[in-house]
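Q: Keeping their order, the protein sequence lines are chains A and B.
All you need for the working numbering is the position in the first sequence, starting with 1, plus 132.
All you need for the working numbering is the position in the second sequence, starting with 1, plus 132.
The C-beta atom is built at its ideal place from N, Cα and C for all residues, glycine as well.
Here the structure is a predicted model, which is why all the values come from computation and not from measurement.
Take this structure first; my questions come after.
2 protein chains.
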Amino acid sequence: MGRSEGEPCLQVQVSQDMEKERETLQAWKERVEHELDVVVAFWLEHSHDQEHGGFFTCLGRDGQVYDDLKYVWLQGRQVWMYCRLYRKLERFRRPELLNAAKAGGEFLLRYARVAPPAKKCAFVLTRDGRPVKVQRTIFSECFYTMAMNELWRVTGDAQYQSEAVEMMDQIVHWVREDPSGLGRPQLPGAPAAESMAVPMMLLSLVEQLGEADDELAGSYAELGDWCARRILRHVQRGGQAVLENVSEDGEGLSGCLGRHQNPGEDTRPTLPEPSPGHALEAGWFLLRHAVRRGDPKLRAHVIDKFLLLPFRSGWDPDHGGLFYFQDADGLCPTQLEWAMKLWWPHSEAMIAFLMGYSESGDSALLNIFYQVAEYTFRQFRDPEYGEWFGYLNREGKIALTIKGGPFKGCFHVPRCLAMCEEMLSDLLSRLAPASAPAPALSARSPPADPARRGAE
Amino acid sequence: MGRSEGEPCLQVQVSQDMEKERETLQAWKERVEHELDVVVAFWLEHSHDQEHGGFFTCLGRDGQVYDDLKYVWLQGRQVWMYCRLYRKLERFRRPELLNAAKAGGEFLLRYARVAPPAKKCAFVLTRDGRPVKVQRTIFSECFYTMAMNELWRVTGDAQYQSEAVEMMDQIVHWVREDPSGLGRPQLPGAPAAESMAVPMMLLSLVEQLGEADDELAGSYAELGDWCARRILRHVQRGGQAVLENVSEDGEGLSGCLGRHQNPGEDTRPTLPEPSPGHALEAGWFLLRHAVRRGDPKLRAHVIDKFLLLPFRSGWDPDHGGLFYFQDADGLCPTQLEWAMKLWWPHSEAMIAFLMGYSESGDSALLNIFYQVAEYTFRQFRDPEYGEWFGYLNREGKIALTIKGGPFKGCFHVPRCLAMCEEMLSDLLSRLAPASAPAPALSARSPPADPARRGAE
């Protein structure tokens, strides 16, 4: 970057540029911080089930509950989110967050498993906890694990941590040893395909469980490397595309499945297919892994393949925003919503590009963050009732007015805002008033938690 | 209608009106007839798998195969469609249709069942017939039954008919006696809901199997009445809405499920939720049932509740076309594609309103047919490559350029065109050159098949 070198007049220019950069970062930090307050207030006001514990997530534009089903992914995610906010940001260290998270955790402990002591969890429960549907995937269990580990971190109650670790063992067994407990029939025509969602999800659990816990971090280190290798195999077509599905041997598959699409029974309820939101989310998971591992080569590869590539192919040149699905061969996707603009690819992109800049200092990444964040704040926010709309059409018009539903809860938006707030604060603290060094290019230790307690 | 009465000058006016009506009907008959030729030519040219039998249905705009998976619904539907065209319309009584239908039938006989002799069929097969996915519903088996019965009608080969009748027995057993063979887990929180798709589908099988077959028609008569009663129970909200899901007792359900929506694992692959296309399709199934039963009171009720009601609530006043999903309480649906315009609700609407007019003589229904048909021909046809686009956005722009996919094959479009051609011919033949009587208002016997053979 060379900002701290050169002749005096260049130094003045550099100093002015830095001051401008500092002001822009500061302005975004304030926007993000305020937005996080508004978003959290929305969920605090509208989503708590005082009677049964847990959360309503089917919320209309103004927060009105339009269905009281409880989706286990979203229950786990909201418990996790509340605990994480409580733990990381001083202003959210409030009893109402902690108590709601604990009530949500108790609801999951009591009702999530379909036939205890077996660990398989439901996908959706009635308001009072009776199972409605079960998915033959690992994701309900993954969000259960995240919730329990984070509850342990804020309460120090060992029961939560043993729940988390035992469920993690079960998930790893399903993924790496024997999937038969998930109940999927083995059909001779079904390709032995790997969805990128599985190693992605596991990698995020490795980070979750290993945070500030040397023993668990050590015991999951090999698993983390395995996940990273598996995710990286999804870079296909001579490095020109990140595909959702590859064969068990890491090769491309034929047909729609191999070009990103997965037309079939489990398409909607599993993690949505990528392109480009999913690739960008995988990107920041891998970036964190590269930082933990102190691997600048991996970091550069990830920025290239999981950030810049999906952004270049996925940004709509006509209307702005990221497409939801794309086909690697440029054919028409079969998903009806492929050209819609969804909230979560945009929140994942904000995280990915701000993190990419924080870790590399490459200002091109910061400019993409600004581009995505401007679009996202302009199109998805609802200044009237708070929280974000989730579903826009290609042109950016609101297609669905709901604020929450079977797949949108208290997760992507506040996670994005909280992480961006933290990264922006960190970047600002690294920008000295004048001729400061460029942001660090090597692995850094994570910032201290202002509200940390228990756990250690 | 009173067209044949009145003073002389009124008679002249009536005669002029009738001549204009005749010309309009004739013009539509020619459009529909030509369009059917173009559509059938598209499938004949692009969809046949000469190597393995059966049909490719994942076809791009120009007919190029973009995936070679074989969806069992669409295999059965195309076999049925080819046989029906061969049997009903002289110009399609061609060996290439019959041979392709037989090859498709043989493919189904050999590969559709996942574990013969058990009757459960796959949802999707590889090109060479290995099962990829199985749905825990009855629909693959229903389209298998339609295909086999129709193959029997054109070939006279008794094996096809015994396949059809045995599969029908299995389906009825699953629906009315014991669904456990479908493999759906019984979960304590899952409401005992009935989807309108199930009695609808069964009613169409009753008609299929009973056509010109007094013995089977007699043995399924009670089943047909049961189906009709079950479908009619979906008229809810004091007669103001046709809901997709009701309880086993025929009462409304709470939440999204009870307001038409079914957010969960099987949403996409089962018959899509209604509003208004599904209600309109049920409408013409019920109309035919009312005609067979000679029940003008039922006919009037069906026209009111299953044709006019869904049309009034489902027609987009801003951009034209029928919405895909709606919520009975006017809330925002959770289906991302709710406001899109899909081909099949429009083809079902064309059938329903033309049939409603044919059976009632109410010119308001004919005017709605014209309104829907004008929109449909303008928006969905592809004059360049043939067949129709399937998926438009709310404004009517093409959202997906594919001509076929996992849910769109050689079925709704040619069925609509063939039925409309037949109904238009029949209407024209009933319009004498001058002061003819209005169309019949009571039950009529079905028109003779010009190309009938075998079966009797």
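May I have the straight-line CA-CA distance separating L230 (chain A) from Y218 (chain A), to the nearest angstrom?
A: Working through the first sequence from its first residue, we reach residue 230 (chain A) at position 98. Working through the first sequence from its first residue, we reach residue 218 (chain A) at position 86. It is roughly 7 Å from the alpha-carbon of L230 (chain A) to the alpha-carbon of Y218 (chain A).
Q: I'd like to know if the region 497-515 of chain A and the region 473-487 of chain A are in contact, where contact means that at least 3 CB-CB pairs between them fall below 8 Å.
A: yes
Q: Can you list the residues of chain A that V264 (chain B) reaches, using a CB-CB cut of under 7 Å?
A: Along the second sequence, read from residue 1 onward, the residue named residue 264 (chain B) stands at position 132. Those are L319, G321, A322, listed as they occur along chain A.
Q: Using a Cβ-Cβ cut-off of 7 Å, state whether S567 (chain B) counts as contacting chain A.
A: Taking the first residue of the second sequence as position 1, residue 567 (chain B) is located at position 435. Reliability of the predicted coordinates at S567 (chain B) is poor, the pLDDT of 48 falling under 50, and the value obtained from them is presented with this limitation in mind. No, S567 (chain B) lies away from the interface with chain A (no Cβ there is under 7 Å from its Cβ).
Q: Kindly indicate which three-state DSSP category F224 (chain A) falls into: helix, strand or coil?
A: Stepping through the first sequence from its first residue, residue 224 (chain A) is reached at position 92. The answer is helix: DSSP assigns F224 (chain A) an H, G or I state.
Q: Compare the C-beta of Y243 (chain B) with all C-beta atoms of chain A and state if any pair is closer than 7 Å.
A: Residue 243 (chain B) sits at position 111 when you count from the first residue of the second sequence. It does not: the Cβ of Y243 (chain B) has no partner Cβ on chain A nearer than 7 Å.
Q: At least one CB of chain B closer than 7 Å to the CB of L240 (chain A): is that the case?
A: Counting from 1 along the first sequence, the entry for residue 240 (chain A) is found at position 108. By this cut-off, L240 (chain A) is not an interface position.
Q: Expressed to the nearest angstrom, what Euclidean distance is found between the alpha-carbon atoms of A373 (chain B) and F455 (chain B)?
A: Here residue 373 (chain B) corresponds to residue number 241 of the second sequence, with the count starting at 1. Here residue 455 (chain B) corresponds to residue number 323 of the second sequence, with the count starting at 1. Their backbone Cα atoms lie some 15 Å apart in a straight line.
Q: Strictly by DSSP, which residues pair up with E180 (chain A)?
A: Here residue 180 (chain A) refers to the residue found at position 48 when the first sequence is read from its first residue. The sequence given here places His at residue 180 (chain A); Glu does not occur at that position. DSSP output for H180 (chain A) lists A:F187 as bridge partner(s).
Q: How many whole angstroms separate the CB atoms of V264 (chain A) and V256 (chain A), which I take to be in contact at a CB cut-off of 8 Å?
A: If you number the first sequence from 1, residue 264 (chain A) lands on position 132. If you number the first sequence from 1, residue 256 (chain A) lands on position 124. Confirmed, Cβ separation roughly 5 Å.
Q: Output the boundary residues of the alpha helix (DSSP H) element that contains P263 (chain A).
A: Counting from 1 along the first sequence, the entry for residue 263 (chain A) is found at position 131. Looking at the DSSP string, P263 (chain A) is not in any alpha helix (DSSP H); the run it does join, the beta strand (DSSP E), is 263-265.
Q: Any idea what DSSP makes of C552 (chain B), helix, strand or coil?
A: Here residue 552 (chain B) corresponds to residue number 420 of the second sequence, with the count starting at 1. Helix at C552 (chain B).
Q: Could you tell me whether the region 202-220 of chain A touches the region 468-481 of chain B, where touching means 3 or more Cβ pairs closer than 8 Å?
A: no
Q: If I'm right that P317 (chain B) touches V266 (chain A) with Cβ under 8 Å, what's the distance once you round it to whole angstroms?
A: As a first step, residue 317 (chain B) must be located in the second sequence, where it is residue number 185. As a first step, residue 266 (chain A) must be located in the first sequence, where it is residue number 134. Confirmed, Cβ separation roughly 6 Å.
Q: The ligand SAM heavy atoms versus the CB of H478 (chain A): any closer than 6 Å?
A: As presented, the structure is devoid of all ligands, the ligand SAM included, so that no description of it is given.
Q: Mind listing the chain A neighbours of C388 (chain B)? Cutoff is C-beta to C-beta under 8 Å, in chain order.
A: For the purposes of this step, residue 388 (chain B) is taken as the residue at position 256 of the second sequence. Residues of chain A passing the Cβ test: C190, Y198, D199, L201.
Q: List, in chain order, every chain A residue whose beta-carbon is nearer than 8 Å to that of I534 (chain B).
A: For the purposes of this step, residue 534 (chain B) is taken as the residue at position 402 of the second sequence. Result: C464, T466.
Q: Quick test of your reading: L168 (chain B) and H178 (chain B), contact by CB under 8 Å. State the CB separation rounded to the nearest angstrom.
A: Taking the second sequence and counting its residues from 1, one reaches residue 168 (chain B) at position 36. Taking the second sequence and counting its residues from 1, one reaches residue 178 (chain B) at position 46. Rounded to whole angstroms, the Cβ separation of L168 (chain B) and H178 (chain B) is 16 Å, and the two are not in contact under 8 Å.
Q: Under three-state DSSP, which class holds Q145 (chain B)?
A: The residue you call residue 145 (chain B) lines up with position 13 of the second sequence. When DSSP states are grouped into helix, strand and coil, Q145 (chain B) belongs to the helix group.
Q: Excluding sequence positions up to five away, which residues of its chain have a Cβ less than 6 Å from the Cβ of R209 (chain A)?
A: Within the first sequence, numbered from 1, the residue matching residue 209 (chain A) stands at position 77. For R209 (chain A), where only same-chain residues beyond five positions count, the Cβ hits under 6 Å are F275, G541, F543.
Q: Within the same chain, show all residues whose beta-carbon is closer than 6 Å to that of P406 (chain B), passing over the 5 residues directly before and after it, in chain order.
A: The count along the second sequence starts at 1 and reaches residue 406 (chain B) at position 274. Here the model assigns P406 (chain B) a pLDDT of 48, short of 50, so the residue's position is not dependable, and the following value carries that caveat. Cβ within range, chain order: E376.
Q: Pick out whichever of A:G261, A:K220, A:R431 has its Cα sitting closest to the Cα of A360 (chain A).
A: What you label residue 360 (chain A) is simply residue 228 of the first sequence in a count that begins at 1. Per the Cα distances, A:R431.
Q: Within 10 Å of its beta-carbon, does L341 (chain A) have 16 or more other beta-carbons around it, so buried, or fewer, so exposed?
A: Your numbering for residue 341 (chain A) matches position 209 in the first sequence. Buried, because 16 or more other Cβ atoms sit within 10 Å of the Cβ of L341 (chain A).
Q: Going by DSSP, what residue range makes up the beta strand (DSSP E) through D199 (chain B)?
A: For the purposes of this step, residue 199 (chain B) is taken as the residue at position 67 of the second sequence. Note, D199 (chain B): beta strand (DSSP E), 197-199.
Q: For Q182 (chain A), count neighbouring C-beta atoms within 10 Å of its own C-beta (all shown protein chains included) and say buried if the count is 16 or more, exposed if not.
A: Within the first sequence, residue 182 (chain A) is the residue found at index 50, counting from 1. Burial call: exposed.
Q: Give the range of the beta strand (DSSP E) segment to which S379 (chain A) is assigned.
A: Indexing the first sequence from 1 puts residue 379 (chain A) at position 247. S379 (chain A) -> beta strand (DSSP E) spans 377-379.
Q: Between E276 (chain A) and chain B, is any beta-carbon pair separated by less than 7 Å?
A: Along the first sequence, read from residue 1 onward, the residue named residue 276 (chain A) stands at position 144. First, the amino acid is wrong: residue 276 (chain A) is Tyr here, not Glu. No Cβ of chain B is located within less than 7 Å of the beta carbon of Y276 (chain A).
Q: Between the region 375-391 of chain B and the region 288-303 of chain B, can you find at least three pairs of beta-carbon atoms closer than 8 Å?
A: no
Q: Apart from the five residues on each side of it in sequence, which residues of its chain come closer than 6 Å, Cβ to Cβ, to G537 (chain B)?
A: Position 405 of the second sequence, counted from the first residue, corresponds to residue 537 (chain B). In the same chain as G537 (chain B), and ignoring 5 residues on each side of it, the C-beta atoms closer than 6 Å to its own belong to C190, in chain order.
Q: Can you pull the DSSP bridge partners for R513 (chain A)?
A: Residue numbering aside, residue 513 (chain A) sits at position 381 when the first sequence is read from its first letter. For R513 (chain A), which the question treats as bridged, DSSP gives the partners A:W520.
Q: With a Cβ-Cβ cutoff of 7 Å, do V338 (chain B) and G315 (chain B) count as a contact?
A: For the purposes of this step, residue 338 (chain B) is taken as the residue at position 206 of the second sequence. For the purposes of this step, residue 315 (chain B) is taken as the residue at position 183 of the second sequence. Not a contact, by the Cβ cut-off of 7 Å.
Q: Would you verify that the beta carbon of Y517 (chain B) is, or is not, closer than 7 Å to some beta carbon of chain A?
A: As a working mapping, residue 517 (chain B) is identified with position 385 in the second sequence. False, the Cβ-Cβ gap to chain A never drops below 7 Å.
Q: Report the three-state DSSP secondary structure of H203 (chain B) (helix, strand or coil).
A: Position 71 of the second sequence, counting from 1, holds the residue named residue 203 (chain B). Before going further, note that residue 203 (chain B) is Tyr rather than His in the sequence given. Strand, per DSSP.
Q: Between D448 (chain B) and the rest of its own chain, which residues show a CB-CB distance below 8 Å, the 5 nearest in sequence each way excluded?
A: Position 316 of the second sequence, counted from the start, is the residue given in the question as residue 448 (chain B). For D448 (chain B), where only same-chain residues beyond five positions count, the Cβ hits under 8 Å are L454, F455, A471, K473, R526.
Q: For G384 (chain B), which residues in chain A fall below 8 Å Cβ to Cβ?
A: Taking the second sequence and counting its residues from 1, the one referred to as residue 384 (chain B) is at position 252. Listed along chain A is no residue with a C-beta nearer than 8 Å to that of G384 (chain B); the closest approach is about 14 Å.
Q: Taking Cβ to Cβ, would you say G186 (chain A) is nearer than 7 Å to G236 (chain A)?
A: Position 54 of the first sequence, counted from the first residue, corresponds to residue 186 (chain A). Position 104 of the first sequence, counted from the first residue, corresponds to residue 236 (chain A). Against a cut-off of 7 Å, the Cβ pair of G236 (chain A) and G186 (chain A) comes out as a contact.
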